[in-house]
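For the sequence shown, this note's numbering begins at 18 and goes up steadily by one.
Note sheet for the following structure.
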Amino acid sequence: MNRDGTSTTEYVSRRSVLKASGWVGGAFALGSSARRVGARQLNGTIPSRWTVVAIPDTQKYAESSSLVSYAQDQTDWIAAQKNVMNVVFATHEGDIVENGDSVTEWERMSDVMNTLDGEVPYSALLGNHDFAVTGDRESSTENYRTYFGESRYEDYDWFGGTAPDDRGRYQRFDAGGYEFVHLSLEWAVPGSASDSDTTMGWAQDVLDANPTTPTIITTHTHLWDRPDREGHSPRDHDANSGQEIFSDLVAPNPQVFMVLNGHSFRADGEWAQVSQNDADLDVYEMLACYQDYPNGGNGWLRTIEFVQDGGVDEADRIRVRTYSPTLDRFETDDRSRFGFDLDFANRFDDIPESSATDSKRS
Numbered sequence: 018m019n020r021d022g023t024s025t026t027e028y029v030s031r032r033s034v035l036k037a038s039g040w041v042g043g044a045f046a047l048g049s050s051a052r053r054v055g056a057r058q059l060n061g062t063i064p065s066r067w068t069v070v071a072i073p074d075t076q077k078y079a080e081s082s083s084l085v086s087y088a089q090d091q092t093d094w095i096a097a098q099k100n101v102m103n104v105v106f107a108t109h110e111g112d113i114v115e116n117g118d119s120v121t122e123w124e125r126m127s128d129v130m131n132t133l134d135g136e137v138p139y140s141a142l143l144g145n146h147d148f149a150v151t152g153d154r155e156s157s158t159e160n161y162r163t164y165f166g167e168s169r170y171e172d173y174d175w176f177g178g179t180a181p182d183d184r185g186r187y188q189r190f191d192a193g194g195y196e197f198v199h200l201s202l203e204w205a206v207p208g209s210a211s212d213s214d215t216t217m218g219w220a221q222d223v224l225d226a227n228p229t230t231p232t233i234i235t236t237h238t239h240l241w242d243r244p245d246r247e248g249h250s251p252r253d254h255d256a257n258s259g260q261e262i263f264s265d266l267v268a269p270n271p272q273v274f275m276v277l278n279g280h281s282f283r284a285d286g287e288w289a290q291v292s293q294n295d296a297d298l299d300v301y302e303m304l305a306c307y308q309d310y311p312n313g314g315n316g317w318l319r320t321i322e323f324v325q326d327g328g329v330d331e332a333d334r335i336r337v338r339t340y341s342p343t344l345d346r347f348e349t350d351d352r353s354r355f356g357f358d359l360d361f362a363n364r365f366d367d368i369p370e371s372s373a374t375d376s377k378r379s
């Protein structure tokens with residue numbers, strides 16, 4: 018029995034799992050609405066639990082030939098858990114590399130993420146270290162676009178499209194009988210929701226086209242963990258603060274039920290909160306960033322498991338765990354292991370009208 022109460026047989030090494038022949042999914046069209054869909058079937062029924070994996074900043078692993086194995090262990094493990102934990106999506110939270118101008122670092126991480134190709138749908142967004150000059154939004158993103166640009170994903174049927182200058186993407190995946198949208202947005206999400214030429218405005222366009230499809234957003238900066246000032250992050254290099262991202266993009270769009278980010282490690286690199294959107298619905302926001310831990314993060318990642326009837330009084334539950342495939346152990350403190358009870362059907366099936374109206378965006 019593991020320290021979080023799960024069986025030791027729940028997580029297995031990749032070597033013991035026969036690799037699937039590839040991802041098979043349906044074609045999706047921009048603007049399709051949420052619906053009950055033919056999710057992967059187990060014994061003729063729709064799976065009652067599924068998992069999204071968040072990969073925090075890998076920059077220190079990329080920088081070092083002796084540490085990159087921690088990142089490789091992460092993607093090996095995710096691929097191995099595809100069927101064991103019903104992993105339906107993996108999201109890299111940005112800062113793929115430490116030095117955006119280093120081709121060696123990009124090649125290392127491209128090889129690491131290749132493990133997921135044809136196995137699990139995934140995204141890898143643009144962090145502040147992924148620019149040619151760290152934190153300089155005007156500097157080149159050529160290496161990011163070469164190794165993790167649109168061409169890497171465009172042949173997969175789960176890939177939805179890309180933002181201007183390839184600085185944001187969206188994906189689709191099916192799980193538990195629901196269809197989901199995932200938005201992968203660059204560091205600090207610059208621009209305005211009313212300007213489609215910016216990453217923020219493009220994201221709003223995707224949400225406008227999918228008003229009743231439950232949506233997860235991953236961006237690089239959103240929450241921070243500064244002691245006694247946890248919560249939405251401040252403005253970063255003249256882009257949007259976490260509060261502005263929440264107020265202008267998340268809160269007006271009730272289909273957005275979760276926001277994930279990395280980047281901040283002012284304390285322990287972890288924070289979670291539940292905020293209310295404009296429709297008074299809960300939004301689950303989570304920070305995970307371990308780059309300041311030993312060995313560039315010790316391989317810690319986040320599993321976000323959706324369990325039908327897994328909560329108190331048979332409520333559905335989102336169960337969050339922090340696990341290192343390299344160490345083969347869990348973090349069990351309250352900031353690393355927690356969860357949320359909610360009703361999946363009510364939250365995912367009955368999404369109210371968006372408050373991001375044309376007049377608001379004009």
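All residues carry an ideal CB built from backbone N, CA and C; glycine is no exception.
Judged by their CB atoms, G111 and L142 are nearer to each other than the 8 Å cut-off. Around the CB of Q89, 16 or more other CB atoms lie within 10 Å, so the residue is classed as buried. For F148, the closest of H237, N103, D191, D214 by C-alpha to C-alpha distance is H237. Remark: fewer than three beta-carbon pairs, one from each stretch, lie closer than 8 Å, so the segment 308 to 320 and the segment 288 to 299 are not flagged as touching. For M303, the enclosing beta strand (DSSP E) begins and ends at 299 to 305. E136 counts as buried, since no fewer than 16 other beta carbons sit within 10 angstroms of its beta carbon. In this structure R354 touches R338 by the C-beta definition: roughly 6 Å separates them, less than 8 Å.
With a 10 Å radius around the Cβ and a threshold of 16 neighbouring Cβ atoms, D242 comes out buried.
For the pair G208 and G218, the CB atoms are nearer than the 8 Å cut-off. In this structure, the alpha-carbon of I262 lies about 12 Å from that of N294.
At the C-beta level, A268 and G286 stay beyond 8 Å of one another. Judged by beta-carbon spacing, H239 lies beyond the 8 Å limit of N270, meaning their Cβ atoms are not closer than that value.
In the DSSP assignment, D333 is bridged to L359.
Beta bridge pairing from DSSP links Q290 with E302.
Bridge partners of E348 according to DSSP: T339. Taking 8 Å as the cut-off, the Cβ atoms of E167 and T179 count as close. Within the model, the alpha-carbon separation for E196 versus N145 is close to 31 Å.
The C-alpha of L266 is placed about 15 Å away from the C-alpha of W204.
Shown here, F176 sits in a strand according to DSSP, grouped into three states.
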